[in-house]
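Structure, as structure tokens:
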Amino acid sequence: MQLDENLPTATATAAPAVSMKLLLRDAGIGIALVLLILFFALTTDHFLSPNNISNILTQITINLILAIGMTFVILIGGIDLSVGSMLAFCAVVGGSVLTIPDLSVFQAVSLATLAAVGTGALCGFLNGWISAFWGLPSFIVTLGMLNIARGAALQVTDARTIYSFPPSFNAFGSQMIYGVPVVFLIALALVAIAWFVLSKTVFGRLLYGIGNNEEAVRLAGHSLMTYKIAAFTIAGVLVGIAAMVYMARLNIASPIIGIGFELNAIAAVIIGGTSLSGGRGSVIGTLLGACIIGVLANGLILFGLSDFMRQLITGVVIILAVIIDKYRERITAA
Amino acid sequence: MQLDENLPTATATAAPAVSMKLLLRDAGIGIALVLLILFFALTTDHFLSPNNISNILTQITINLILAIGMTFVILIGGIDLSVGSMLAFCAVVGGSVLTIPDLSVFQAVSLATLAAVGTGALCGFLNGWISAFWGLPSFIVTLGMLNIARGAALQVTDARTIYSFPPSFNAFGSQMIYGVPVVFLIALALVAIAWFVLSKTVFGRLLYGIGNNEEAVRLAGHSLMTYKIAAFTIAGVLVGIAAMVYMARLNIASPIIGIGFELNAIAAVIIGGTSLSGGRGSVIGTLLGACIIGVLANGLILFGLSDFMRQLITGVVIILAVIIDKYRERITAA
Amino acid sequence: MNTNLAHVDSVAQPLLELHDIRKRFGGTVALAGVTLSVAPGEVHGLIGENGAGKSTLIKVLCGIVKPDSGAITLAGEAYAPHTPRDAKARGLQVVHQEFNLLPFLSVAENIFIEHLPRNALGVVKRRDMNTRARTALDAIGLKDIDVRWPVERLGIAHRQLVEVARALMTESRVLILDEPTATLTSRETERLFAIIDDLRRRGVSIIFVSHHLDEVFKLCDRVTVLRNGETVTSRRIGETTQDELVRAMVGQQLQKEMTHSIGSSARSETVLSLVNFRHAQSPHEDGISFDLHKGEILGIAGLVGSGRTELLRAIFAAEPPLSGTLMRDGKPAALRSPRDAIRAGIGFVTEDRKEEGLILSMPIAANVTMASLADVSRAGLLDQRAENALTEKLGADLKLKYGGPGKNAATLSGGNQQKVVLAKWLARKPEILLLDEPTRGVDVGAKAEIYALIRRLAERGLALLVVSSELPELMTLCDRIMVMSQHRIVGSLPRAEFSEEKILTYAYQGEKRQTGH
Amino acid sequence: ADKPVVGLVMKSLANDFFKNMLEGAEAHAKKRGDYELKAIGMQNETDFESQLNGVENFITQGVDAIVIAPADSRAMVAPLKKAIDAGITVVNFDVSLDEQAKKDAGLDLAFVGPDNRGGAKLAGESLAKALGEGGKVVIIEGNPGADNAAQRKLGFEDAIAAGKLNLLDSRTAHWETEEANSVFSTMLTAHPDIQGVMAANDSMAIGVIKALDAAGRPDIKVVGFDNVSAVQPLLKEGKLLATVDQFGSQMASDAIDKALAVVGGGPKLEGWVKTDIKLVTTDDVK
Ligand SMILES: Nc1ncnc2c1ncn2[C@@H]1O[C@H](COP(=O)(O)OP(=O)(O)OP(=O)(O)O)[C@@H](O)[C@H]1O
Ligand SMILES: Nc1ncnc2c1ncn2[C@@H]1O[C@H](COP(=O)(O)OP(=O)(O)OP(=O)(O)O)[C@@H](O)[C@H]1O
Ligand SMILES: [Mg+2]
Ligand SMILES: [Mg+2]
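Residue numbers (this note's numbering), protein chains in the order written: chain P, 23 to 356; chain A, 23 to 356; chain R, 3 to 519; chain V, 5 to 290.
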């Protein structure tokens with residue numbers, strides 16, 4: 023015989039409290055961002071000028087697009103170190119298509135996009151498939167892919183830069199709508215889509231589920247393989263898109279671009295509050311994380327720090343940003 | 023908890039059956055190493071020449087020393103992205119001491135070692151303290167440190183290379199005993215010490231415990247903070263030692279050395295079978311992992327592959343090595 | 003073939019039939035020939051000592067573990083699932099013994115994880131899902147949690163119920179429940195039984211694992227006893243008795259157990275006393291006050307969620323307490339971490355052994371010595387011989403069933419894992435031991451052993467604070483029982499006044515007072 | 005106020021060469037005192053974006069002149085076109101923009117700088133002279149894909165062709181000392197008959213020389229590029245046969261002077277304004 027229980031009725035008020043908390047959780051890193059912006063607005067001249075803001079937005083774009091894909095991968099408890107190399111590989115493949123003579127701009131750009139995104143998807147698929155099928159840590163698989171994609175990019179181009187893209191394609195890369203760069207709007211749209219997929223669809227919920235407790239999801243009868251491959255493939259697709267944006271902005275495709283981009287993308291995701299062990303986080307956080315990194319890079323230059331001090335301070339601020347987030351979490355928890 | 027045939031093997035015990043298993047587990051990656059060596063021995067001319075072997079051993083040394091420290095960090099479920107930058111920082115600090123005029127060689131070298139190791143220990147301590155105290159993922163903390171240490175190294179040297187070390191110190195860097203580089207023997211001694219500490223001492227046992235289940239270790243009355251800080255500090259100390267070896271070998275200390283070394287060190291640890299989520303693995307595996315990376319880099323050049331194909335193949339072999347390991351695990355488990 | 007099989011009656015038209023299933027894990031034989039048949043609409047009890055092979059058998063049935071040999075038929079057709087997915091496709095649904103929840107997803111999402119309700123675009127119909135989850139939880143009597151909460155926020159009992167609710171979401175032909183009641187109180191247990199009855203009437207077969215024989219008699223149509231991985235007997239429930247089943251389980255007559263005939267061994271010295279002791283979760287300013295004496299076994303009863311676990315955690319300083327005083331041997335002690343608590347001679351057997359108690363992928367010996375490493379090491383060097391010796395000694399004391407001190411803790415059955423946690427604290431020789439649900443998932447025989455052990459420890463002067471949801475357990479064991487409700491101590495009963503009615507009255511009093519305004 | 009503002013866009017400042025260049029420019033700005041200098045660098049050599057961002061920032065700020073050492077000879081064409089269209093005087097130094105790319109973009113821009121290819125050829129020729137015809141050499145390349153690395157490799161190849169040397173192998177060590185050390189010692193195993201090494205920068209030459217020390221092969225001759233201070237002792241000891249000085253510290257100031265002249269109403273620059281390069285050998289450091 024055990025104790026009986028007299029249960030109180032469900033508290034309907036709990037739900038708003040939860041979403042409030044959720045908001046605060048994202049706002050946490052938002053506070054760090056606001057502090058940074060305030061600081062630079064007060065200490066430098068041009069920081070809040072419309073021009074500089076659109077500069078910052080442009081500068082954030084590629085990292086943001088990569089970080090969106092990275093969010094998918096990290097949410098399932100993986101990591102993708104190969105995005106920087108894949109960016110180069112996608113770019114040179116896309117760039118080669120883009121410079122095929124005798125194509126109309128429309129044809130060239132669509133085919134190139136297809137090629138770049140397809141290349142990214144393929145590399146991402148391989149990342150996902152190898153790690154899921156063999157049960158290998160994605161860290162090491164994507165470290166392998168980091169070398170493979172870079173080697174492939176160098177090999178196919180023989181280390182030459184591809185250039186001379188259609189002028190209208192290039193113009194698109196610096197186009198603005200009311201002072202907002204179009205490429206940033208694309209990135210923002212991708213954030214929205216990713217947010218929707220992750221929080222509203224069955225697919226997204228299962229990705230979170232896998233990050234929480236893989237075994238439980240497997241026992242619930244789902245194929246882990248499918249979802250893991252999907253997450254990495256999505257990351258690859260986003261790399262392909264980022265490669266197109268890169269080409270539109272810089273008007274070249276070189277096999278040596280993107281070195282170290284993976285760390286920036288991962289930093290954006292983690293600063294944005296997504297847990298490296300998976301299962302917790304959001305792409306909105308990633309957006310804020312990418313903004314922090316971008317604002318920091320831009321602001322410190324305007325602030326006039328030497329390059330070396332700038333690098334040092336960047337490190338300090340990255341740590342401070344996550345500390346602020348943690349601190350807020352502790353406070354709101356109490 | 024789901025139990026299946028692929029149950030992780032115990033690593034920290036002396037029961038004979040288990041150490042046999044342990045041997046097999048390490049032998050797994052050993053098989054990949056043997057295959058690689060066989061391949062290069064058969065396909066290239068000079069691979070097994072004494073000269074080349076001592077070349078390989080020299081080339082492995084720095085990565086191995088860094089990877090030993092990385093093993094401690096990864097075993098507790100952390101990661102240290104800052105070792106490459108820290109190497110530069112330790113080297114320029116040590117190098118500055120080494121070039122102080124009017125010191126005897128002995129004084130200069132001891133003080134420099136103290137300075138380099140002290141710098142490494144301090145950075146490592148900070149990594150550990152910040153992540154443990156604030157409960158932050160070490161990925162982001164050490165990403166911060168990556169920037170901080172690099173910025174600091176550039177700042178203190180004003181981006182200049184330090185050179186002209188005492189000739190006898192420099193000679194030490196290329197000294198051989200029966201064809202084996204002395205610096206490699208130092209690394210080997212460090213492996214032995216690390217192995218002993220990790221598998222024979224209470225300290226090591228608790229590091230494994232923390233990697234497996236932090237909460238259980240905490241509730242058993244141990245201070246997580248102490249052990250986490252210790253692991254990162256040890257990693258820092260090893261970076262300091264590696265910096266001294268670097269200077270002895272190359273006779274310079276520059277603030278831009280070591281870029282990307284962290285990935286190589288991590289690769290050695292993971293290829294060596296240590297689990298990225300912590301709690302499982304051994305420093306013997308790390309030794310084998312470092313050997314694989316070194317043999318590959320050397321062998322592919324002898325094999326005459328172009329730089330680009332070499333990079334590509336390196337990626338493929340890294341993945342194959344862990345697949346072979348996994349495959350053997352499946353076979354022996356069945 | 004096994005002679006025991008003579009006891010197995012045949013069922014006319016079995017839905018599920020297992021024939022001579024065998025499975026070994028390395029050196030350990032987990033299943034040594036299990037034969038079993040389950041009729042449609044039958045509730046089939048599966049009982050046996052810890053480590054008898056119940057959970058392994060279930061894992062075989064749901065495709066997690068492949069048997070070495072043997073045959074299974076389901077509705078007359080061969081059945082050999084390769085993955086949990088196969089099993090589900092064939093209509094088997096399982097509630098596992100160890101939790102399989104997604105801590106950061108909502109309760110509703112956890113319940114629907116197998117088939118999240120979706121529209122054509124794959125978008126989760128969240129409102130629909132939440133409503134249905136609400137209904138599902140109401141049906142099993144889990145009213146006080148919001149389905150939008152992350153599971154992380156729930157206590158262990160609530161988690162168990164969420165798992166049951168999940169299993170009930172899909173139509174199944176065979177429902178397997180591995181110790182679903184181990185963490186439940188009688189109210190939920192009864193609800194669960196009502197639901198099982200309903201399913202039975204609809205023709206669903208149920209395999210029910212429990213260490214509570216009374217439940218088996220109340221619920222089951224037939225019962226199968228496993229011992230050392232073999233079917234010992236399989237009987238219609240009306241044709242057997244508790245004594246007979248116990249004998250079948252342990253292979254001999256269990257000594258007529260445990261009544262606390264000798265008087266209390268409590269002495270006058272107070273070893274621990276709390277004065278207005280308050281932890282972060284406690285809503286009451288004045289906190290909690292009580293004394294624990296040397297050699298005393300003090301029980302804490304209460305409803306699920308009444309704050310017992312949190313009290314123990316606060317005493318152990320697993321979470322820093324807010325205010326109030328904790329006196330150790332009459333002197334105020336500021337315990338700031340488990341380390342301090344352990345230094346002050348306190349040990350803590352947690353209720354969730356997987357999350358907090360054990361390091362599953364480390365050897366049993368390493369787990370046993372985790373809190374007393376100083377005793378098995380010299381100058382920081384581990385003495386593995388001493389470690390193994392200690393493990394073997396405690397293993398023998400606790401009748402631990404294990405492959406060897408070097409085997410991973412994960413290879414143990416649930417009950418034996420619990421014993422390892424106990425061993426860890428006994429190795430430390432504490433003066434005060436906090437026990438949170440010490441016999442969760444422990445079989446009848448082992449339970450008796452643990453009770454005897456607890457009593458022996460008390461006689462030696464150890465002070466014990468025992469939290470348990472099983473009233474009979476507290477009533478056999480304790481010198482005194484305090485009742486907690488809503489984070490308060492609402493009553494305290496000396497042994498002479500023990501009765502279930504009184505305890506329950508206290509427990510509800512607190513509830514009513516709380517919900518009254 | 006109203007002093008002209010010059011935006012100096014550099015490559016990574018994290019090495020001696022560009023550091024000297026920046027310091028030269030800063031000293032120059034102080035000395036002339038009639039213009040304001042704003043300098044930016046980049047994170048690493050392949051970080052083209054930050055140069056692009058830098059140029060965009062300068063356009064935003066409305067500087068009078070942009071003086072740029074492009075990280076990539078093609079990527080910078082479009083933004084510089086934008087700068088010129090915005091009325092900013094642009095001077096390209098250090099690495100020349102790609103002729104074809106300039107033509108495609110309709111950009112007519114002069115280049116003020118050294119001849120990397122010619123410099124490398126000078127170094128290569130001094131090695132050829134030391135070895136004689138048929139000498140067996142290897143090249144240690146800079147970063148694949150980097151323009152100056154490509155130019156220097158071409159220069160080495162010119163010298164090899166001219167001096168009828170025998171090229172055994174050519175590999176990258178990504179400008180790095182440690183990698184050059186490892187890669188070269190392995191190349192030496194594969195080709196023990198190497199007689200000479202052409203390293204695309206001095207950092208790599210140092211790594212090569214250390215490998216020769218370790219292997220006990222003082223017979224092999226090494227040439228480098230950049231004339232950094234760390235190779236001075238090696239030149240003195242004769243371990244480094246020759247290196248090439250591009251006078252980096254003056255290069256930026258020269259370019260700034262030229263830009264200010266145009267801003268001040270002078271004639272537009274045309275073609276390639278070559279700056280000094282000099283072969284530095286043992287004799288020069290004694
Ligand atoms: N993966 C495994 N590796 C090795 N041994 C195992 C494994 N899984 C189970 N065992 C062993 O098989 C035996 C049966 O275990 P099982 O979990 O089925 O017992 P159980 O009857 O469910 O016990 P409990 O009542 O304690 O839950 C035990 O001796 C256990 O140690
Ligand atoms: N992080 C949390 N957020 C919200 N509620 C929580 C949290 N942790 C615990 N609770 C709630 O606090 C109450 C007290 O929990 P506690 O575990 O102490 O109860 P208990 O008496 O030990 O019951 P049990 O039988 O479940 O162990 C429960 O209602 C539990 O759901
Ligand atoms: Mg069980
Ligand atoms: Mg509890």
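Just so you know, even glycine gets a beta-carbon here, dropped at the ideal spot from N, CA and C.
What does residue i reach in chain P if we use C-beta pairs closer than 8 Å?
i: GLN129(A); result: In chain order: nothing, as chain P lies at least about 30 Å away.
i: ALA289(A); result: ILE162 and LEU165
Measuring from the CB of residue i, is there a heavy atom of ligand 1 at a distance below 7 Å?
i: LEU158(P); result: no
i: SER57(R); result: yes
i: GLY53(R); result: yes
i: ASP445(R); result: yes
i: THR30(R); result: yes
i: LYS426(R); result: no
i: LEU414(R); result: yes
i: ASN418(R); result: yes
i: GLY50(R); result: yes
i: GLN162(R); result: no
i: GLN99(R); result: yes
Locate the beta strand (DSSP E) running through residue i, then write down its first and last residues.
i: VAL211(R); result: 207-211
i: ALA256(V); result: Unbroken run through ALA256(V) is the alpha helix (DSSP H), 252-267; no beta strand (DSSP E).
i: LEU171(V); result: 170-176
i: GLN236(V); result: Unbroken run through GLN236(V) is the alpha helix (DSSP H), 236-241; no beta strand (DSSP E).
What span of residues does the alpha helix (DSSP H) with residue i cover, start to end?
i: VAL99(V); result: Where VAL99(V) is concerned, there is no enclosing alpha helix (DSSP H), given that its DSSP letter is neither H nor E.
i: PRO474(R); result: 473-479
Residue i versus chain R: which residues are under 9 Å apart at the beta carbon?
i: PHE225(A); result: GLY382
Pop quiz: residue i and residue j are said to be a contact at Cβ under 8 Å. What is the actual Cβ separation, rounded to whole angstroms?
i: ARG121(V); j: LEU169(V); result: Actually they are not in contact, since the Cβ atoms of ARG121(V) and LEU169(V) sit about 17 Å apart, beyond 8 Å.
i: ARG224(R); j: ARG203(R); result: Rounded, the Cβ-Cβ distance is 17 Å, inconsistent with contact.
i: LEU179(R); j: VAL97(R); result: 5 Å
Give the interface partners of residue i over in chain A, defined as CB-CB distance under 8 Å, in chain order.
i: VAL232(V); result: THR183
Using a Cβ-based criterion (distance less than 7 Å to any ligand heavy atom), does residue i qualify as near ligand 5?
i: LEU179(R); result: Ligands in the displayed structure: ligand 1, ligand 2, ligand 3 and ligand 4; ligand 5 is not one of them.
So residue i contacts chain R; which residues on that side make the cut at Cβ distance below 7 Å?
i: HIS244(A); result: ARG341
i: TYR230(A); result: MET364
Run through chain P and tell me which residues come within less than 7 Å of residue i, C-beta to C-beta.
i: GLY45(V); result: ASP329
Going along chain R in order, which residues have a C-beta closer than 8 Å to the C-beta of residue i?
i: PHE204(P); result: It should be pointed out that residue 204(P) corresponds to Val in this sequence rather than to Phe. Ordered by position in chain R, no residue passes the 8 Å Cβ test against VAL204(P), which lies about 27 Å from the chain.
For the 8 Å Cβ check, are there 3 or more pairs between the stretch 279-299 of chain A and the stretch 312-327 of chain A?
-> The stretch 279-299 of chain A vs the stretch 312-327 of chain A: in contact.
Flag this pair as touching only if the stretch 293-309 of chain P and the stretch 85-103 of chain P have three or more C-beta atom pairs under 8 Å; answer yes or no.
-> Touching, yes, given that three or more Cβ pairs across the two stretches are closer than 8 Å.
Within the chosen definition, does the stretch 68-80 of chain R reach the stretch 101-115 of chain R through at least 3 CB pairs nearer than 8 Å?
-> Cβ pair count under 8 Å is below three, so no.
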